[in-house]
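Number of protein chains: 2
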Amino acid sequence: MRIVILGSGNVAFHLAQAFSENKIGVSQIFGRNGKALKEISEHCNIPYSTDEMMDADLYIIAVKDDVTAEISRKIIKEDCLVAHTSGSLPKEILEGNYRKASFYPLQTFSKSKKLNYAEIPFFVEAENQEDQEVLKNLASQVSENVMDSDYEKRKYIHLTAVFACNFVNHLFARAKEISDGQQIPFSYFLPLIDETVQKIHEIDPKSAQTGPAVRNDERVLQLHEDLITSKEHLKIYKTVNDSIKKMYEL
Amino acid sequence: MRIVILGSGNVAFHLAQAFSENKIGVSQIFGRNGKALKEISEHCNIPYSTDEMMDADLYIIAVKDDVTAEISRKIIKEDCLVAHTSGSLPKEILEGNYRKASFYPLQTFSKSKKLNYAEIPFFVEAENQEDQEVLKNLASQVSENVMDSDYEKRKYIHLTAVFACNFVNHLFARAKEISDGQQIPFSYFLPLIDETVQKIHEIDPKSAQTGPAVRNDERVLQLHEDLITSKEHLKIYKTVNDSIKKMYEL
Chain A
984 MRIVILGSGN VAFHLAQAFS ENKIGVSQIF GRNGKALKEI SEHCNIPYST
1034 DEMMDADLYI IAVKDDVTAE ISRKIIKEDC LVAHTSGSLP KEILEGNYRK
1084 ASFYPLQTFS KSKKLNYAEI PFFVEAENQE DQEVLKNLAS QVSENVMDSD
1134 YEKRKYIHLT AVFACNFVNH LFARAKEISD GQQIPFSYFL PLIDETVQKI
1184 HEIDPKSAQT GPAVRNDERV LQLHEDLITS KEHLKIYKTV NDSIKKMYEL
Chain B
984 MRIVILGSGN VAFHLAQAFS ENKIGVSQIF GRNGKALKEI SEHCNIPYST
1034 DEMMDADLYI IAVKDDVTAE ISRKIIKEDC LVAHTSGSLP KEILEGNYRK
1084 ASFYPLQTFS KSKKLNYAEI PFFVEAENQE DQEVLKNLAS QVSENVMDSD
1134 YEKRKYIHLT AVFACNFVNH LFARAKEISD GQQIPFSYFL PLIDETVQKI
1184 HEIDPKSAQT GPAVRNDERV LQLHEDLITS KEHLKIYKTV NDSIKKMYEL
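From first to last, the protein sequence lines are chains A and B.
To convert, note that position 68 of the first sequence is 1051 in the working numbering; the numbers rise steadily by one, no gaps.
To convert, note that position 184 of the second sequence is 1167 in the working numbering; the numbers rise steadily by one, no gaps.
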């Protein structure tokens, strides 16, 4: 199977690297950013081009959501499979007379970070059983967790990830504002954070909850509210504590 | 120095274990719950009692905030040092004619989990320089991160921990409600969560932010809001996204 990856961002980079590490041949990486393509090309030993797209059986579009449709129109071939990598787009966003699919790796990608691709879940959707099998087979060569998932399911996966990853990171950023304000190194909180995450590898997060809200400690809740000077911190503080109290029916 | 630990909960257990692992002698653990005390006693090879408190130079009160004052009254000796382990109490909560202190380990403790005590930060406060040194020296035998910290600072440390640990765990619990609703194993999200946390060991969480809010992706934000059926989820979703937009001035 001849594969072309379209895009030169973090997802394209990691897909190219994951395929290359698992001896899956990629014919070409194609895109607009010659400099970024060249980097991936040299790193993964895959040809690249900014103007001539190679003929392939599978095109994987790994670009930002808002340019996925535009890029998909560049594929004029009809007898081929085209998959995008977005968690929040239907496969019908792809505009062409080819067979459409989604090939969604659930991970947060930064270019420089080494990743263990084997543990990254892939969610796959295609128009027919055969294409579905092709994509699942491909994903299985990289990852141990491959799952069928239509657009509806994918939306919920993405939403879960927003809570468990994007929002969690934002809480870290807000927490760091508080500790920075007191000249306490944020690194002091990393063992606590690591332990918090380690715990949910073993027990249900609902059972792992600690802190003033879940023990209904009004004194500490009030003490914290008095301490907080930022309007944004206070809004988060109250909203999350309310949500904790609701969850445990306090 | 003769040390007595008061309490039989998770903090008492881990302090006893940390001291015992580092060959710091503890004369006794004292409390009301004989069964729990007996367990710690056998595990750490430290005598225990529910009715007769031993004479000591340092008493460490590791009990819940709301019973700390009550327990502190049980120490009638005057020429001794008494420290509580709470992040959200002043040392003046201790009621006795002894010298008062705070000895606060920053970690979330569950009884069964093995912990690397060397990386747990200890925050220490006493009435005078000599006691301060005694407690810092004690903490340093357990941990590599020991810091002076008065009540004011301790409150902020605790508040930071609530954001970075308690709130983060609650987001995991809420996220799991979403994935459970779609029969997607929550374990699929663990590599993503691990990576999110791994990232902030290396880069500032503010620079690590990803997701629809930080890229001002109104389509996905709207799509998610339409998807969410729980009032609590929606309140968190809107509050945190607003906070992200404010942080990046979007």
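Glycine residues also receive a C-beta, built at the ideal position from the N, C-alpha and C atoms.
- Contact with chain B is absent for residue 1212(A), since none of that chain's Cβ atoms lies less than 8 angstroms from the residue's Cβ.
- Residue 1155(B) has a beta carbon lying within less than 8 angstroms of a beta carbon in chain A.
- Nearest in C-alpha terms to residue 1094(B), of all of 1081(B), 1179(B), 992(B), is 992(B).
- The residue from 996(A), 1005(A), 1003(A), 1219(A) with its alpha-carbon nearest to that of residue 1016(A) is 996(A).
- In this structure, 1105(B) is the residue among 1105(B), 1037(B), 1123(B) with its C-alpha nearest to the C-alpha of residue 1168(A).
- Annotation for residue 1188(B): no beta strand (DSSP E) segment contains it, though the alpha helix (DSSP H) segment containing it runs 1188-1191.
- Per the C-alpha coordinates, the member of 1219(A), 1005(A), 1209(A), 1192(A) positioned closest to residue 1092(B) is 1192(A).
- Classified as exposed, residue 1050(A) has fewer than 16 neighbouring CB atoms from the shown chains inside 10 Å of its CB.
- The straight-line gap separating the alpha-carbon atoms of residue 1199(B) and residue 1209(B) is approximately 17 angstroms.
- Shown here for residue 1046(A): same chain residues with a beta carbon closer than 6 angstroms to its own, the five before and five after excluded, namely 990, 1054 in chain order.
- Taking C-beta atoms under 8 angstroms as the contact rule, residue 1137(A) and residue 1070(A) qualify, at a distance of about 5 angstroms.
- Between the C-alpha atoms of residue 1190(A) and residue 1124(A) there is a straight-line separation of about 35 angstroms.
- For the alpha helix (DSSP H) assignment, the uninterrupted runs of no fewer than 4 residues enclosed by the region 1191-1223 of chain A are, from N- to C-terminal side, 1201-1210.
- Contacts between residue 997(B) and chain A, judged by CB atoms closer than 8 angstroms, are missing: the closest CB pair is about 11 angstroms apart.
- Taking the C-beta atoms as reference points, residue 1134(A) is found nearer than 8 angstroms to residue 1108(A).
- Under the Cβ criterion of 8 angstroms, residue 1123(A) is not counted among the residues facing chain B.
- Across the set 1128(A), 1079(A), 1187(A), 1155(A), the C-alpha of 1155(A) shows the shortest separation from the C-alpha of residue 1176(A).
- Burial check for residue 1212(A): the Cβ neighbour count within 10 Å stays below 16, so the residue is exposed.
- For residue 1215(B), at least one C-beta of chain A is nearer than 8 angstroms to its own C-beta.
- In the DSSP assignment, residue 1064(B) falls outside any alpha helix (DSSP H) and within the unbroken beta strand (DSSP E) covering 1064-1067.
- When 999(B), 1116(B), 1074(B), 1121(B) are compared, the shortest CA-CA separation from residue 1028(B) is found for 999(B).
- Take the alpha-carbon of residue 1019(B) and the one of residue 1013(B): they are about 10 angstroms apart.
- In this structure, residue 1157(B) lies near residue 1216(B), with their beta-carbon atoms less than 8 angstroms apart.
- Residue contact check for residue 1052(B) against chain A: no CB pair falls below 8 angstroms.
- If you draw a 10 Å sphere on the C-beta of residue 1166(A), you find fewer than 16 other C-beta atoms in it, and that means exposed.
- Less than 8 angstroms divides the Cβ of residue 1162(A) from the Cβ of residue 1172(A).
- When rounded, the separation of the alpha-carbon atoms in residue 1174(A) and residue 1036(B) is 34 angstroms.
- With respect to the 8 angstroms criterion, residue 1103(B) and residue 1068(B) are not classified as neighbours on the basis of their beta carbons.
- When the Cα atoms are used, residue 1074(B) and residue 1132(A) turn out to be separated by approximately 55 angstroms.
- Excluding sequence positions up to five before and after residue 1159(A), its CB lies within less than 6 angstroms of the CB of 1169, all in the same chain and listed in chain order.
- At the C-beta level, residue 1152(A) and residue 1188(B) come within 8 angstroms of one another.
- Under a criterion of Cβ atoms nearer than 7 angstroms, the residues of chain A adjacent to residue 1103(B) are, in order, 1174.
- In the assembly as shown, residue 1178(A) is a buried residue. Its beta-carbon has 16 or more other beta-carbons within 10 Å.
- At a cut-off of 8 angstroms between beta-carbon atoms, residue 1012(A) makes no contact with chain B.
- Secondary structure note for residue 1119(A): it is in no beta strand (DSSP E), and the uninterrupted alpha helix (DSSP H) holding it is 1112-1125.
- DSSP places residue 1151(B) in the uninterrupted alpha helix (DSSP H) bounded by 1151-1164.
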